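Here the structure is laid out as structure tokens; the discussion comes afterwards.
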Amino acid sequence: MAVVLVAGWPPAMALEIEGVKVADKITLGKNGPQLVLNGAGVRHRMAFIKVYVGALYLTGKKADAEEVLKDPSAKRVLMHVLIDELTAKELTASLNNALAANHIPAELALIESRIQELNRMMASIGVIKKGGVVLIDYLPGIGTRVSVNGEEKITIKGEDFFQALLRIWIGKKPVDGRLRDAMLGGSGGFRLFWLTVNGERKKA
């Protein structure tokens, strides 16, 4: 299932995917920029295993992947785990495979040391349980900040590094095509979903 946030929905309306409430607006840090939900959906493994809810937040809505990648503004990728356990090994392998699929060797060589930094951090986590949340934030002038279950784990410098990570989800060979479409505000993999409007649950 992939779900898309529709432009023009009233502020009181919240999006719910697989029982996970996805905020339509967030603020990075205490005094950081406000971001809006560009789109959200489900990362599937082998087509039917629902691994996590993925969401993309931007300073303004965009439907074109290249526009998103070129935009130097703050961004967030959210992953809310749906399976009982997501091991760091599984997540790292998935991310690394998608990085390799979306970059030529020369491009990967430029960020290899930073990829290894991220891999070491992920390995230290071990397992992310169902309901766990991974946040990957880009803050201009600071870099890529990764948090797990509300705890900041690492900050890695360079806009190019975050752009590379973002291609995992919205690149030409994404980790999940339906999730890519959903994150970009498209209708790929659309299914029936529920909305919560002023506390009342409704079908969309």
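Heads up: the sequence shown begins at 10 in my numbering, then just goes up one per residue.
Quick reminder that beta carbons are idealized off the backbone N, C-alpha and C, glycines included.
Quick caveat, the model's predicted, so the values are computed rather than measured.
task = Could you check what DSSP says for Pro19 in three-state terms: helix, strand or coil?
result = Residue placement at Pro19 cannot be trusted, given a pLDDT of 42 that sits under 50; what the coordinates show is reported in the next sentence. In the structure shown, Pro19 sits in coil (DSSP, three-state: anything other than H, G, I, E or B).
key: Exposure of Gly28, with buried meaning 16 or more beta-carbon neighbours within 10 Å   = exposed
Alpha carbon of Gln43 to alpha carbon of Val86, nearest angstrom = 14 Å
query = What separation, rounded to the nearest whole angstrom, lies between the Cα atoms of Trp178 and Ala110?
reply = Going by the C-alpha atoms only, they are around 11 Å apart.
key: Selected residue, minimal CA-CA separation from Ile151, among Gly141, Gly140, Glu160 and Ile165   = Nearest option by C-alpha distance: Ile165.
ask   = On the three-pair Cβ rule with 8 Å, is the stretch 113 to 128 touching the stretch 68 to 75?
value = The stretch 113 to 128 makes no contact with the stretch 68 to 75: fewer than 3 CB pairs, one atom from each, lie closer than 8 Å.
key: Extent of the continuous beta strand (DSSP E) run through Ser82   = No beta strand (DSSP E) holds Ser82; DSSP gives it neither H nor E.
inquiry  = Looking only at its chain, what residues have a beta carbon closer than 6 Å to the beta carbon of Val31, apart from the 5 residues adjacent to it on each side?
reply    = Leu24, Ala49 and Ala64
request  = Identify, in the order they occur along the chain, each residue of the same chain with its Cβ nearer than 8 Å to the Cβ of Gly167, setting aside the five sequence neighbours on each side.
outcome  = Ile120, Arg123, Gly152 and Thr153
query = Quick one: what's got a C-beta closer than 8 Å to Gly159's C-beta in the same chain, skipping five residues either side?
reply = So the qualifying residues of the chain are Val142.
ask   = Which ranges does the beta strand (DSSP E) cover as unbroken runs of at least 3 residues, wholly within the stretch 117 to 172, from first to last along the chain?
value = 136 to 138, 142 to 148, 152 to 157 and 160 to 165
inquiry  = Quick check: Met131 and Ala97, are their CB atoms within less than 8 Å of each other?
reply    = Yes. Within cutoff.
Burial state of Lys84, where buried means 16 or more other Cβ atoms lie within 10 Å = buried
Nearest-angstrom Cα separation, counted from Asp169 out to Gly194 = Rounded to the nearest whole angstrom, the C-alpha separation of Gly194 and Asp169 is 24 Å.
message = So, under 8 Å CB-CB, Ile137 and Val184 are touching, yes? Tell me the CB distance rounded to an integer number of Å.
response = Not a contact, Cβ separation roughly 16 Å.
ask   = What are the boundary residues of the alpha helix (DSSP H) that includes Thr68?
value = No alpha helix (DSSP H) holds Thr68; DSSP gives it neither H nor E.
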